[in-house]
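Asker: Let me begin by handing over the structure; questions about it come next.
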Amino acid sequence: APGRGGGGGPAAQGAVVSGGRTGEQGRGAELCADPRHPYAWGLIGSIPPLTGERPEYLPTIAGTPPSPLALPDGCPFRARCPHEFEQCATLPSLQAAEGAPEHLDRCWLPIEQKRSRRQGPDGRIGLLHDAEATTEELA
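For the record, in the sequence shown the residue sitting at position 82 is 460 according to my numbering, with numbers rising by one throughout.
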């Protein structure tokens, strides 16, 4: 109900959390339509399609989540991220991209790379691209 919290719908606030840290936050509709953190891409990519043929297997996120008792320095998702590069050893602050002051994320990749790297060949969002291009472009 309005004003009572716990509402829902596309304007409801949401967050993507990895290793106990918020990696991205904003309106639910924006998080799904314009995800900016690679962990969010992996989560969205693992959702089965609502129409068409159902896949035999769903995409997974490689690796094992970090132990909450021994979190790595920097981004808690970096050991599992195919886009990890040297700067990820330092945790960035939650930052808004231009034009979306309420949509915050905690990833060093420039917004243009976030948008190009999350799209798979089939147009779906996922954690699908090779890491070498990111490392070379940002090194």
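Every residue, glycine too, gets a C-beta built ideally from N, C-alpha and C. Note that this is a predicted model, so its numbers are computed, not measured.
1. So, for V394: in the same chain, excluding its five sequence neighbours on each side, which residues have a beta-carbon less than 8 Å away from its beta-carbon?
2. Can the beta-carbon of P460 be found closer than 8 Å to that of P444?
3. My parser needs the alpha helix (DSSP H) runs of 4 or more residues fully inside the segment 415-457; what are they?
4. Among the residues of its own chain, which have a CB less than 7 Å from the CB of L505, if the five just before and after it don't count?
5. Can you give me the C-alpha to C-alpha distance between D451 and E476, rounded to a whole angstrom?
6. Nearest by alpha-carbon distance to T442: which of R458, R496 and A389 is it?
Answerer: So, from the data block:
1. T400, G401, E402, Q403, L409, P413, H415, Y417, A418 and L421
2. no
3. 416-423
4. Taken in chain order, the residues that qualify are P416, W419, G420, G423, I439 and P460.
5. C-alpha separation (whole angstroms): 27 Å.
6. Selected option, being the one with the closest Cα: R458.
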